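Q: So that we are looking at the same thing, I have put the structure below in structure tokens.
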Amino acid sequence: MRLLILIAGFTILMTAFCYLHVSYVSSPYLYSSFEDLPEYKIALVPGTSRYVAGGRRNIFLEGRIEAAHKLFLENKVKFLLISGDNRTHSYNEPRDMKEDLLARGIPSNRIVLDYAGFRTLDSVIRAKEIFGAEEFVIISQKFHIERAVFIARKRGIKAVG
């Protein structure tokens, strides 16, 4: 029993250390206000499902769409790279996100879709390798942006969030 408690304690400490390390390394590249964010050509918007259990709209998706819309309107970004999963015809994150952005008045020619962003790592790497984005702003929630910026910076990509 004592060994189990030690293993559990060690696991908790290592998890906390990893989170704090990612947060610390990414913190110089995070912006807390739209006004402070410099202009970027591209914003990467990682996908998530449109709905959650019970059929309610996903607040994380709503936040990402609203932030992308605002940054575009304020001329902070020129293009939106929408990256997500489309594993089936009925589940297509990039298509759903594009529909939401079009409904807010973002021109179709300013939205680029990446249908193979199955996870954050894929979205970040594909932004550079497939779409040629050497630097971009990542639009998501803080806990997600920290990890995405960490991944990007470790891969030599000049990403901020």
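Count along the sequence shown from 1, then add 124; that gives the number in the numbering used here.
From the three backbone atoms N, C-alpha and C, an ideal C-beta is built for every residue, glycine too.
These numbers were taken from a predicted model, which means no experiment stands behind them.
For R211, count neighbouring Cβ atoms within 10 angstroms of its own Cβ and tell me buried if that reaches 16, exposed if not.
A: exposed
Q: Quick one: give me the first and last residue of the beta strand (DSSP E) that D238 is part of.
A: I235 to D238
Q: Beta-carbon separation of A167 and L204 under 8 Å?
A: In contact: A167 and L204 (Cβ atoms closer than 8 Å).
Q: Taking G285 and A272 to be in contact with their CB atoms under 8 Å, please state how far apart those CB atoms are, rounded to whole angstroms.
A: 7 Å
Q: Give the range of the alpha helix (DSSP H) segment to which L225 is assigned.
A: E217 to A227 is the span of the alpha helix (DSSP H), which, as asked, contains L225.
Q: Report all residues from its chain with a CB closer than 8 Å to the CB of R219; omit the five preceding and five following residues, and keep chain order.
A: N210 and L237
Q: With H, G and I counted as helix, E and B as strand and the rest as coil, what does DSSP make of P170?
A: Here DSSP, grouped into helix, strand and coil, assigns P170 to strand.
Q: From K282 to E259, what does the alpha carbon distance come to, in whole angstroms?
A: 4 Å
Q: Whose CA, out of V176, R180 and M221, lies closest to the CA of H193?
A: M221
Q: Using the C-alpha atoms, what's the distance from R228 back to T296?
A: Because the chain is modelled from 125 through 285, residue 296 falls outside the range shown and cannot be assessed.
Q: Under the DSSP definition of a beta bridge, which residues are partnered with I91?
A: Residue 91 lies beyond the stretch modelled for the chain, which goes from 125 to 285, so this question has no answer here.
Q: Distance, Cα to Cα, K200 vs T139?
A: In this model, K200 and T139 are separated by some 35 Å (Cα to Cα).
Q: Just to confirm the assignment, what range does the beta strand (DSSP E) spanning A283 have?
A: Its beta strand (DSSP E) spans residues K282 to V284.
Q: V293 by DSSP, collapsed to three states: which one?
A: Within the shown structure, residues of the chain are numbered from 125 to 285, placing residue 293 beyond reach of any answer.
Q: For R181, which three-state DSSP category applies?
A: strand
Q: I'd like to check one pair, G241 with S264: are the Cβ atoms closer than 8 Å?
A: no
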